[in-house]
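Note that numbering that gives the first Met the number 0 has the sequence shown beginning at 0, numbered continuously upward.
These notes are about the structure you will find just below.
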Amino acid sequence: MSSLISHPSLTPWPRYYETSAPREYRFQSIHPIIAASECVSIVRRMGPMPKLTSLELVYQVDEADERLLQYVVHQYPALQDFLLHWYRADDTPVDCVHIARTITSLTLLRTMRLHLNFPEESIVYCTISVTRKAWYDTLTECIGWEIVEIVQACPLLEHVGLLYHGDPVSL
């Protein structure tokens, strides 16, 4: 069965980020997001897929986050397109450097899109433009370049994207 799967996308509907924005910007209903431990259970049941080239994961961090990322890079070595929506649990810090380093084990990767739930992301809904600009500058001038430096290890990589909930939407 797993050999028939071409583009698994473990995502909630409607998209979680549409329901996690401040109330005036989102749908009224709340939709749960699966935890990393639940995601590990799902991908393990899918089994190894050495020919899988595309994957999208959406999950909330828990104690299984590292196990999930390691499973992905070891069981899906042919991934060329990886989209990761990584949501914090409470005050969990975002270690984007570690996430990027782990993903660079995928040597055939061509597209990496990281939608990381930084604590500062709520700033983009702020009406104070100076505050929003400060986060945008940090994301584009520091964090973004730090990730770009790390992913140089992927010889085939053509695109790295970071989600920014403002204007522009993606970096």
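For each residue, glycine too, the CB sits at the ideal point set by N, CA and C.
Keep in mind that this is a model prediction, so the values were computed, not measured.
N-terminal and C-terminal residue of the beta strand (DSSP E) that HIS6 is part of | Where HIS6 is concerned, there is no enclosing beta strand (DSSP E), because DSSP gives it neither an H nor an E.
Collapsed DSSP secondary structure at TYR75 in the structure displayed = coil
Work out the CA separation of ARG109 and PRO154 for me, nearest whole Å.
-> 9 Å
Chain-order list of residues whose beta-carbon lies under 8 Å from that of PRO11 (same chain, five-residue window excluded) = HIS30, PRO31, ILE32, ILE33, VAL57
Buried or exposed: where does SER28 fall if 16 or more other Cβ atoms within 10 Å of its Cβ makes it buried?
-> Residue confidence is low: SER28 scores 49 on pLDDT, short of 50, so the model does not pin down where it sits. Its coordinate-derived value is still stated next. The residue in question, SER28, is exposed, as its Cβ has fewer than 16 Cβ neighbours within 10 Å.
Which first and last residues belong to the beta strand (DSSP E) in which MET48 is found?
-> Looking at the DSSP string, MET48 is not in any beta strand (DSSP E), and its letter there is neither H nor E.
Please check the pair ALA63 and ALA35, which I expect to be a contact at CB under 8 Å, by giving their CB distance rounded to whole angstroms.
-> With a contact defined as Cβ atoms closer than 8 Å, ALA63 and ALA35 qualify at about 4 Å.
Going by alpha carbons, who is nearest to MET111 out of GLY46, VAL60, GLU157, ARG43?
-> GLU157
When DSSP labels each residue in this structure, what does TYR133 get in the three-state scheme?
-> Before going on, a small fix: residue 133 reads as Ala here, not Tyr. Three-state result, ALA133: helix.
Return the CA-CA distance between VAL159 and GLN151, expressed in angstroms with no decimal places.
-> 10 Å
Check the C-beta distance from GLU145 over to VAL93 and give it rounded, since I have them as a contact under 8 Å.
-> Not quite, the Cβ-Cβ distance comes to about 12 Å (not below 8 Å), so this is no contact.
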